[in-house]
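Visitor: Numbering (our numbering), first residue to last: 1112 to 1307. Note that CB positions come from ideal geometry on N, CA and C, so glycine has one too.
1) Are the segment 1165-1172 and the segment 1225-1233 touching by the rule of at least three beta carbon pairs closer than 8 Å?
2) Under the DSSP definition of a beta bridge, which residues are partnered with residue 1288?
3) Could you confirm whether any beta carbon from chain E is found closer than 8 Å to the beta carbon of residue 1138?
4) Just checking, does the segment 1188-1208 make contact with the segment 1244-1252 on the three C-beta pairs under 8 Å criterion?
5) Taking C-beta to C-beta, are residue 1249 and residue 1143 nearer than 8 Å?
6) With a cut-off of 8 Å on the beta carbons, I'd call residue 1207 and residue 1241 a contact; round off their distance for me.
7) Are residue 1282 and residue 1186 touching if we call contact CB-CB under 8 Å?
8) Would you mind sorting residue 1268 into buried or exposed? The rule is 16 or more other CB atoms within 10 Å of its CB.
9) Beta-carbon separation of residue 1184 and residue 1209 under 8 Å?
10) With a threshold of 6 Å on Cβ separation, who are the neighbours of residue 1178 within its own chain once the five nearest residues in sequence on each side are excluded?
11) Can you tell me where the beta strand (DSSP E) holding residue 1192 begins and where it ends?
12) Can you tell me whether residue 1182 is buried or exposed? The criterion is at least 16 other CB atoms within 10 Å of its CB, across all chains shown.
13) Does DSSP classify residue 1162 as helix, strand or coil?
14) Cα separation between residue 1163 and residue 1115?
15) I'd like the list of long-range same chain contacts for residue 1294, defined as Cβ closer than 6 Å, with 5 residues on each side in sequence excluded.
16) Using C-beta distances below 6 Å, list every residue in its chain close to residue 1167, excluding the 5 sequence neighbours before and after it, in chain order.
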């Protein structure tokens, strides 16, 4: 399977939004997020990337089918909790490109798409004149009984991409987990990289 990665912005994202909404729910249902997605919310959420002037979505295509995506946008244009975490830590959000989700169907993993997602988003950040990149990941107890036996954290992969973990830099987001009837708070900690 040969994937094509395309960096899309604005109106060019529109045809892909329904597929990306479903893909986001599908992949984030897996551990460690265990996210119970809602199609209407996902469509509204992803539309913000099409409407955000500095945002881009790197779409992984197998032919015409979107099988993965990775988002990014200037920190100044992203969710309030992200910006607030940086402001509390004395970091200027205006320097950062925030990398949101990176989702890829299981059958396509391990073939270089993750590396390509980071390279494309970093290139977009540089084109915007941003000097640093960041993303966050959910914090789970290593002994969480829902953790699959074969689960491998992505920390080593992220470190190889040049990112350093800053566990004290964190924010809280709320979502409904699979099997729950209401949203609950989840802590996410940040990884940072200075772009050359």
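Guide: Short version:
1) yes
2) If you number the chain shown from 1, residue 1288 lands on position 177. The partner list for residue 1288 (beta bridge, DSSP) reads 1146.
3) Among the chains of the structure shown, chain E does not appear; only one protein chain is present.
4) yes
5) Looking up residue 1249 in the chain shown gives position 138. Looking up residue 1143 in the chain shown gives position 32. Against a cut-off of 8 Å, the Cβ pair of residue 1143 and residue 1249 comes out as a contact.
6) Counted from its first residue, the chain shown places residue 1207 at position 96. Counted from its first residue, the chain shown places residue 1241 at position 130. At roughly 6 Å, the Cβ-Cβ gap stays under 8 Å, so residue 1207 and residue 1241 are in contact.
7) As a working note, residue 1282 is residue 171 in the chain shown. As a working note, residue 1186 is residue 75 in the chain shown. Not in contact: residue 1282 and residue 1186 (Cβ atoms no closer than 8 Å).
8) In the chain shown, the residue the question calls residue 1268 occupies position 157. Exposed: under 16 other Cβ atoms inside 10 Å.
9) To locate residue 1184, count along the chain shown from 1; it is residue 73. To locate residue 1209, count along the chain shown from 1; it is residue 98. A contact, by the Cβ cut-off of 8 Å.
10) Your numbering for residue 1178 matches position 67 in the chain shown. 1171, 1216, 1219.
11) As a working mapping, residue 1192 is identified with position 81 in the chain shown. Where residue 1192 is concerned, there is no enclosing beta strand (DSSP E), although the alpha helix (DSSP H) it sits in stretches over 1191-1199.
12) In the chain shown, residue 1182 corresponds to position 71, counting from 1. Buried.
13) Within the chain shown, the letter at position 51 stands for residue 1162. Reduced to three states, the DSSP call for residue 1162 is helix.
14) Your numbering for residue 1163 matches position 52 in the chain shown. Your numbering for residue 1115 matches position 4 in the chain shown. The straight-line gap from Cα to Cα measures roughly 24 Å.
15) Counting from 1 along the chain shown, the entry for residue 1294 is found at position 183. Only 1285, 1286, 1287 meet the Cβ criterion.
16) Sequence index remark: in the chain shown, residue 1167 carries index 56 (1-based). So the qualifying residues of the chain are 1118, 1120, 1183, 1235.
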